[in-house]
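Undergrad: The structure is given below, and queries will be raised subsequently.
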Amino acid sequence: MRIMLTNTLFPPIVKGGAEVSTFNLGKALAERGHDVHVTTVAAEEESVSTEHGMTVHRVTPRLVDYPFDKPERGQIRKLGYHVVENYNPLMRARLATIMKSVRPEIVHTNIMQLLTCGVWDAARDSGAKVVHNLRDYWLLCSRSGFFRNDEPCSRKCLDCSIVTAPRKRLTSKVDGVVAVGQYVLDTHLSAGLFPNVKVARAILSATASVNGFTPRDRSDGTVVIGFIGRIKESKGLRILLEAMARVPRDKPIRLVVAGDGEAGYMNEMRALADERTTFLGWCKAPDLYSQVDLVVVPSLYPEPLPRSILEAYRFGLPVIAARSGGIPEVVESGRSGWLYEGPDVAGLSKLIEALPGPDGLAALDPGARETIVRRTDPDHVVNTYESVYRQVLA
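Note that this note's numbering has the sequence shown beginning at 265, numbered continuously upward.
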């Protein structure tokens, strides 16, 4: 098949799990003999290159600037950005030119910012079938996460309803929809999106091999907790640091934080941490997992399904996670880890304080994790995507 994947960002620019997942899928499809093209957004110069068997088309933004690593926009500029982001005719025209040349059979869209819903029209005009991958809530929420003013939204905001109404209508152009978890899929389908799809499936993200991975030496009896991800309020690091502060100092426990964020916010988090916490900055996931006994995912918003949980399981680590969004789909409390009611600092602190030692954590039911690990096996994931493609082409 000739397949075009689209995502706002693509390695080496990585801001989240979508870039990693899109890269892994494209590379695996190319290795199976498919003709794989990727269209993504570049900050300055357009280019076409061959990378890991994929043809990568990098296009510059139209009508709006490249927003990453820039100061926050004012409210008026934000509104204008969101309106253009719904359907950018200049970006649609640029994508249509690429697709006319490539002639893909499948256009598989992921994160839509800057590319806009115009990508679906460009795909249909080229004769391709469209599969959309739900990795966030951008089609329902202008902020993508139902999180505003540093707290979860209790209802859908009026401005989000207005801004995202065109996105909902445009989902009628999609032939198949997949999602990183059942929760995020059901959230969109129950809101009336994707009325014409032939297939709708939840497909967990693939996780990498653990070849060469060496678990840490646990002989000192200290429990080492890990946190990994983009450091911002919605990810809940503040809750974890406040919970750690309540754990008695004589409890043999440490916290290792991997990830980065805005400088001011990082300084605030460091100020909250005590001497038991180490900040690594950005690092590759195995570099964190080799130092810890379990991973904490204290998300404050209904996270679709954190990649960090799937990766932790792949590396044989249990998790503590907030009971929100799609997280309960993959965490079985008392077997693969523990759930708590976020954002309950006291509840999280009690869980941490009651943790068994490193050997006890390692002895948690591996079968509960292995069930999820099998679903994230790269071959299984690619097989499932190929099946979806065949169904929409049939």
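Think of the CB as a built atom: it goes at the ideal place given N, C-alpha and C, for glycine as much as any other residue. Predicted model, so just to flag it, every value in this text is computed and none were measured.
Residues in the same chain with beta-carbon distance under 7 Å from residue 499, minus the five sequence neighbours each way, listed in chain order, please.
TA: Correct list, in chain order: 493, 563.
Undergrad: Count Cβ pairs between the stretch 612-629 and the stretch 476-493 that sit closer than 8 Å; are there 3 or more?
TA: Flag = yes, the stretch 612-629 and the stretch 476-493 touch.
Undergrad: Going by DSSP, name the residue or residues bridged to residue 318.
TA: Its beta-bridge partners are 315.
Undergrad: Can you look up residue 604 in the DSSP assignment and give me helix, strand or coil?
TA: In this structure, residue 604 counts as strand in the three-state DSSP scheme.
Undergrad: Below 8 Å on the Cβ atoms is my guess for residue 576 versus residue 559; work out the distance and round it to an integer in Å.
TA: Right, their Cβ atoms sit about 4 Å apart.
Undergrad: Please state the DSSP three-state secondary structure of residue 633.
TA: Looking at residue 633 - three-state DSSP - the assignment turns out to be helix.
Undergrad: What are the start and end residues of each continuous beta strand (DSSP E) run of 3 or more residues lying completely inside the stretch 468-527, in chain order?
TA: Counting whole runs of 3 or more residues, the stretch 468-527 contains the beta strand (DSSP E) stretches 487-492, 517-522.
Undergrad: Give me, in chain order, the residues of the same chain whose beta-carbon lies closer than 8 Å to that of residue 455; leave out the 5 immediate sequence neighbours on both sides.
TA: So the qualifying residues of the chain are 404, 432.
Undergrad: Determine, using beta-carbon pairs with one atom in the stretch 597-604 and one in the stretch 577-584, whether at least three such pairs fall under 8 Å.
TA: The answer is yes - the stretch 577-584 touches the stretch 597-604, with three or more Cβ pairs under 8 Å.
Undergrad: Give me the residue from 449, 628, 517 with the minimum Cα distance to residue 555.
TA: Minimum Cα distance to residue 555 is reached at 517.
Undergrad: From what residue to what residue does the alpha helix (DSSP H) around residue 431 run?
TA: Unbroken alpha helix (DSSP H) run through residue 431: 422-434.
Undergrad: So residue 470 and residue 272 are in contact, right, with Cβ under 8 Å, and what is the actual spacing, rounded?
TA: 20 Å between Cβ atoms; not a contact.
Undergrad: Reducing DSSP to helix, strand and coil, say where residue 548 ends up.
TA: Coil at residue 548, not helix or strand.
Undergrad: Just confirm the distance between the C-beta atoms of residue 392 and residue 359, as a whole number of angstroms; I'd bet it's less than 8 Å.
TA: That pair is no contact at about 11 Å.
Undergrad: For the stretch 469-483 against the stretch 635-649, are there 3 or more C-beta pairs whose distance is under 8 Å?
TA: Yes, they touch.
Undergrad: By a C-beta neighbour count over all protein chains shown, 10 Å radius and 16 as the cutoff for buried, is residue 548 buried or exposed?
TA: It is exposed - the Cβ of residue 548 has fewer than 16 other Cβ atoms within 10 Å.
Undergrad: Identify every residue that forms a DSSP beta bridge with residue 595.
TA: In DSSP, residue 595 forms no bridge with anything.
Undergrad: Let me know if residue 475 comes out buried or exposed under the rule of 16 or more other beta-carbons within 10 Å of its beta-carbon.
TA: Exposed is the call here.
Undergrad: According to DSSP, which residues form a beta bridge with residue 270?
TA: Residue 270 is bridged to 303, 373.
Undergrad: Would you say residue 607 and residue 495 are within 8 Å of each other, going by their C-beta atoms?
TA: Result no, Cβ atoms of residue 607 and residue 495 do not sit closer than 8 Å.
Undergrad: For residue 415, count neighbouring Cβ atoms within 10 angstroms of its own Cβ and tell me buried if that reaches 16, exposed if not.
TA: Answer is exposed; the Cβ neighbour count stays below 16.
Undergrad: How big is the Cα-Cα spacing for residue 552 and residue 419?
TA: Looking at the two C-alpha atoms, the distance is approximately 36 Å.
Undergrad: In terms of DSSP beta bridges, what is residue 397 paired with?
TA: For residue 397, which the question treats as bridged, DSSP gives the partners 442.
Undergrad: If you reduce the DSSP assignment to three classes, tell me which class residue 458 lands in.
TA: Here residue 458 sits in coil by DSSP.
Undergrad: So does the stretch 435-450 actually touch the stretch 504-512, counting three or more Cβ pairs closer than 8 Å?
TA: Short answer: they don't touch.
Undergrad: If you follow the beta strand (DSSP E) that residue 558 is in, where does it begin and where does it stop?
TA: That run of the beta strand (DSSP E) goes 558-561.
Undergrad: Just to confirm my understanding: we take residue 638, look at its own chain, exclude 5 residues before and 5 after, and list those with CB closer than 8 Å. What are they?
TA: For residue 638, where only same-chain residues beyond five positions count, the Cβ hits under 8 Å are 644.
Undergrad: Run through DSSP, which three-state label would residue 287 get?
TA: Here residue 287 sits in helix by DSSP.
Undergrad: Report all residues from its chain with a CB closer than 6 Å to the CB of residue 636; omit the five preceding and five following residues, and keep chain order.
TA: If we look at residue 636 and ignore the five residues flanking it on each side, its Cβ neighbours are 577, 594.
Undergrad: Could you check what DSSP says for residue 648 in three-state terms: helix, strand or coil?
TA: The answer is helix: DSSP assigns residue 648 an H, G or I state.
Undergrad: Between the Cα of residue 652 and those of 501, 442, 630, spot the shortest distance and give me the residue it belongs to.
TA: Nearest option by C-alpha distance: 442.
Undergrad: Tell me which same chain residues have a C-beta within less than 6 Å of the C-beta of residue 318, skipping the five on either side of it?
TA: Counting only Cβ-Cβ distances below 6 Å, and skipping sequence neighbours, we find 290, 294, 300, 302.
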